[in-house]
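The working numbering numbers the first residue of the sequence shown as 64 and each following residue consecutively.
In this text, a Cβ means the ideal position worked out from N, Cα and C, and glycines have one as well.
From a predicted model like this one, the values you see are computed outputs, not experimental measurements.
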Amino acid sequence: MAEYSHVKSTKLVLKGHKQGKKRKHKDKKRKGAEEEDKLDIIGGWWSVSSFGEITGTVAIEMQNNCYIHALDTGLFTLGAPHKDDDGPVPPEQFTAVKLSDSRIALKSGYGKYLGINSDGLVVGRSDAIGPREQWEPVFQNGKMALLAANSCFISYSDSGDIVAKSNTAGDDEMVKIRSSVEREVKRKDDIADEDRGNVKTCEINYVKKFQSFQDRRLRVNEDDASTLKKARTDGKFHEALLDRRSKMKADRYCK
């Protein structure tokens, strides 16, 4: 009888009886977990997906949990693999400096800028940013490669050195730039910050935004705010706010 104790019991279903659909209580939790997985975060370091996200302290992942590692010789190598929840160590962290709308510079923890020498070897021995110290992140189809000043993409050699010798970006040239900068949470709605909260809070927000502060005093219309509630319901909220501000004669757009 012991083997029957492991059998899962179920409700008796009569023939012709329609069984109702089960509610999926864990859908929201599962969806949230899936969204977190899509962000690709390891130890607080998230993978950037656009040029605009590259700022501050970053790390360059070349293989799963393996990062470009700075040496005190001014050279770079592929670091040892990390555990799934471990981020890059200090020698694998760089400071990204935006130079233009498409190019960046990278500064190691030794205070030197990463560049490329005539042999296609990535080195970090420069105190200033020159043509050889400029890098171009290239994004395509959800993947990224890093283009050096010699028009070649970075990868690593058999000996583990970081090089830039390939004119095309294949699987070996795919990298991830991870950032430790606090990620901005995107809101699901298109509501402006000034329109969040109750009508009185919204009015103060707009007064702060548009009022000219000659004497550094905040002037808010003290009339009954019930008209604002009705205007918000009728879709005329901003018109009502403008009318109330115009009566105060302190708004640079309502004089």
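Exercise. At a cut of 8 Å, does the stretch 100-115 reach the stretch 226-235 through at least three beta carbon pairs?
Worked result: no
For this session: Taking S163 as the reference, give the member of E245, G115, L291, H301 with the closest Cα.
Result: G115
Problem set entry | For G205 and K170, the rounded distance between their alpha carbons | 26 Å
Exercise. Cβ of V111 within 8 Å of Cβ of S242?
Worked result: yes
For this session: Count the other CB atoms, across all protein chains shown, that sit within 10 Å of the CB of G119; report buried if there are 16 or more and exposed otherwise.
Result: exposed
Problem set entry | Straight-line Cα distance separating R195 from I167 | 11 Å
For this session: Take K146 as the anchor and find which of T296, F202, L209, I105 has the nearest alpha-carbon.
Result: I105
Exercise. Which class does S289 belong to by DSSP, given the choice of helix, strand or coil?
Worked result: The answer is helix: DSSP assigns S289 an H, G or I state.
Problem set entry | Straight-line gap, G298 to V152 (C-alpha atoms, nearest Å) | 53 Å
Exercise. How about M237 and A208: do their beta carbons lie closer than 8 Å?
Worked result: Between M237 and A208, the CB-CB gap stays under 8 Å.
Exercise. Residues bridged to Q126 by DSSP?
Worked result: In the DSSP assignment, Q126 forms a beta bridge with C129.
Problem set entry | Inter-residue spacing [alpha-carbon to alpha-carbon] between K318 and L305 | Its pLDDT being 48, under 50, K318 is placed unreliably in this model, and the value from its coordinates should be taken loosely. Each residue's Cα considered, the two are about 11 Å apart.
Exercise. What three-state label does DSSP hand S110 in the structure shown?
Worked result: strand
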